[in-house]
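Everything on this sheet refers to the single structure shown next.
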Amino acid sequence: MSNEFYTTSILPYSGIIIKICRAYSNSQEDFEDYYQEVCLQIWRSRKNFKGNSEWSTWIYRLSLNVCLTLLKKDKKRNEQYFVSDAFPANLIQDYQVFLDEDLQQLYNGIKLLTEIDRAIILLYLEERPYKEIAKIIGTNTNNIGVKIKRIKERLKIILTK
Amino acid sequence: MEKSIEQIWKGGFMNNKELTAPKINALYNQKSINLVDRLINNMKTELFTVIILGFIIALFITIAGNHIIWGILLLLINSVWYIISKKQLKDLNDTQFNSNCYEYLIEISKKIKKIARINKRNTILSVPLTLIPILVYTYYNNQDKTLGQILGIDIDLSKSYLFILIPIAMLIAYGLYIIYLKFNNRIENKITSLIIDMEELKE
Numbered sequence: 005m006s007n008e009f010y011t012t013s014i015l016p017y018s019g020i021i022i023k024i025c026r027a028y029s030n031s032q033e034d035f036e037d038y039y040q041e042v043c044l045q046i047w048r049s050r051k052n053f054k055g056n057s058e059w060s061t062w063i064y065r066l067s068l069n070v071c072l073t074l075l076k077k078d079k080k081r082n083e084q085y086f087v088s089d090a091f092p093a094n095l096i097q098d099y100q101v102f103l104d105e106d107l108q109q110l111y112n113g114i115k116l117l118t119e120i121d122r123a124i125i126l127l128y129l130e131e132r133p134y135k136e137i138a139k140i141i142g143t144n145t146n147n148i149g150v151k152i153k154r155i156k157e158r159l160k161i162i163l164t165k
Numbered sequence: 014m015e016k017s018i019e020q021i022w023k024g025g026f027m028n029n030k031e032l033t034a035p036k037i038n039a040l041y042n043q044k045s046i047n048l049v050d051r052l053i054n055n056m057k058t059e060l061f062t063v064i065i066l067g068f069i070i071a072l073f074i075t076i077a078g079n080h081i082i083w084g085i086l087l088l089l090i091n092s093v094w095y096i097i098s099k100k101q102l103k104d105l106n107d108t109q110f111n112s113n114c115y116e117y118l119i120e121i122s123k124k125i126k127k128i129a130r131i132n133k134r135n136t137i138l139s140v141p142l143t144l145i146p147i148l149v150y151t152y153y154n155n156q157d158k159t160l161g162q163i164l165g166i167d168i169d170l171s172k173s174y175l176f177i178l179i180p181i182a183m184l185i186a187y188g189l190y191i192i193y194l195k196f197n198n199r200i201e202n203k204i205t206s207l208i209i210d211m212e213e214l215k216e
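Chains A and B supply the protein sequences, listed in that same order.
With positions in the first sequence counted from 1, the corresponding number in the working numbering is that position plus 4.
With positions in the second sequence counted from 1, the corresponding number in the working numbering is that position plus 13.
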């Protein structure tokens, strides 16, 4: 991957990638692996970007796909630790990465959601339009509104516990 | 918590420190090491399986066939396989990483190809080494019988045709080894694609 490509096409969007990778990884080491893999996939798939959507939307979609694939692989490897889609709560407590305590708590809560719910809420918090979220997730726009409402309610319960 | 999740999200990421990108220079190092570890572990399992199977077959021939010499012969060939495979494993394990995973993988890939070449040759060679003593023994102990009588099938041929079994078995062994290579090359393929990736990244 050329430095130029990384600097001009990935680095300006590294924030998005970091936010997504943080939500799907459970250690600094995992996070770095996920981040690297996403960057690599962006570089590998760059020719597939047809310009039908914004570059950032494309990066969102690709980052989510890569993270979900890596998570699946990790789950297979650590089946004894993962019984549901979400991270076990006791593992999350040890992974403190954000200086902002509220943000850390919010991330811990997000990690307790299912994989798809995590993707939806991340896109919502990044202020992506419902239509775009629906397109990325592969559902219809009406469902997204209902889903977000439910996820927010769940998050509220998790965060007030 | 009084703030909404939207406020927490926005406020939390105001601090740019939360969004510092990790360095991606060591991209393939851990991946390479993991792949080679998996390759070595697979080879160890295969080696163990071959040895156990060889031992069981030798034991079966000795007890059920009442041919202790054949059993010993198989065990000998098995032991040679074991010694060669152990050496190959040691050679792979001794490959130095030296912080450059591209060169490391190239070196591993060369070694894998060499191992495959040697093992293919040994597989084919093992067939006559095993069969010749058995067939010679069978030939001289069945002086007045035909091939059909020896093999217990309805063929009226001279027992000299027994030795045709050698090239046939060698061909089968060769075919089986090729099939084995074709279906048991996942990690080798991954190593190759990793090398290609790295070559592309250098562009």
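Yeah, the Cβ is synthetic: ideal placement off N, Cα and C, and Gly gets one too.
- Judged by beta-carbon spacing, B/L52 lies within the 9 Å limit of B/I200, meaning their Cβ atoms are closer than that value.
- Judged by DSSP in its simplified three-state form, A/V70 adopts helix.
- When only Cα atoms are considered, A/S60 and B/E59 end up about 47 Å apart.
- Runs of the beta strand (DSSP E) spanning 3 or more residues and lying entirely within the region 14-41 of chain A do not occur at all.
- When only Cα atoms are considered, A/E131 and B/M27 end up about 15 Å apart.
- With three or more CB-CB distances shorter than 8 Å, the region 40-52 of chain A counts as touching the region 6-22 of chain A.
- Residues are counted here when their Cβ sits less than 7 Å from a Cβ of chain B; for the region 48-69 of chain A the count is zero.
- If you check each beta-carbon in the region 31-45 of chain A against every beta-carbon of chain B, the ones closer than 9 Å belong to Q32, E33, F35, E36, D37, Y39, Q40, E41, C43 and L44.
- The C-beta separation of B/I179 from B/I145 comes to about 7 Å, placing the pair in contact by the 8 Å criterion.
- Judged by DSSP in its simplified three-state form, B/N54 adopts helix.
- Here B/Q156 carries a coil assignment [DSSP, helix/strand/coil].
- B/N198 and A/E105 have their C-alpha atoms spaced approximately 48 Å apart.
- For A/I22, the residues of chain B that pass the 7 Å Cβ criterion are L32 and A34, in the order they occur in the chain.
- Note on geometry: alpha-carbon atoms of A/N147 and A/L127 lie some 14 Å from one another.
- Following the DSSP letters along the chain, one finds A/D106 inside the alpha helix (DSSP H) bounded by residues E105 to K115.
- The region 164-180 of chain B makes no contact with the region 90-109 of chain B, as fewer than three CB pairs between them are under 8 Å.
- Listed along chain B are M14, K16, I21, G24 and G25, each with a C-beta nearer than 8 Å to that of A/D106.
- In the three-state DSSP reduction, B/Q109 falls in the coil class, being neither helix nor strand.
- With fewer than 16 other beta carbons inside 10 angstroms of its own, A/G142 counts as exposed.
- Contact annotation: A/L117 and A/I152 have beta-carbon atoms that are not nearer than 9 Å.
- Taking 9 Å as the threshold, the shortest C-beta distance from B/D50 to chain A does not fall below it.
- By the 16-neighbour rule on beta-carbons within 10 angstroms, A/Q40 is buried.
- According to the DSSP assignment, B/D169 belongs to no alpha helix (DSSP H), since it is labelled neither H nor E.
- One finds L32 and A34 in chain B with Cβ atoms closer than 8 Å to the Cβ of A/S18, taken in chain order.
- In this structure, the CA atom of A/T73 is about 50 Å from the CA atom of B/I85.
- In the structure shown, B/S17 adopts coil according to DSSP, grouped into three states.
- By the rule that beta-carbons nearer than 9 Å mark a contact, B/D169 does not touch chain A.
- In its own chain, leaving out the 5 sequence neighbours on each side, no residue places its CB closer than 6 Å to the CB of B/E116.
- By the C-beta density criterion, A/D121 is buried, having at least 16 other C-beta atoms within 10 angstroms.
- Using a Cβ-Cβ cut-off of 9 Å, A/K160 counts as an interface residue toward chain B, since at least one Cβ of chain B sits closer than that to its own.
- Per DSSP, reduced to three states, the secondary structure at B/Y41 is coil, with no helix or strand assignment.
- For A/R154, the uninterrupted alpha helix (DSSP H) segment begins and ends at T145 to T164.
- Counting the other Cβ atoms within 10 Å of the Cβ of A/L103 gives fewer than 16, which makes it exposed.
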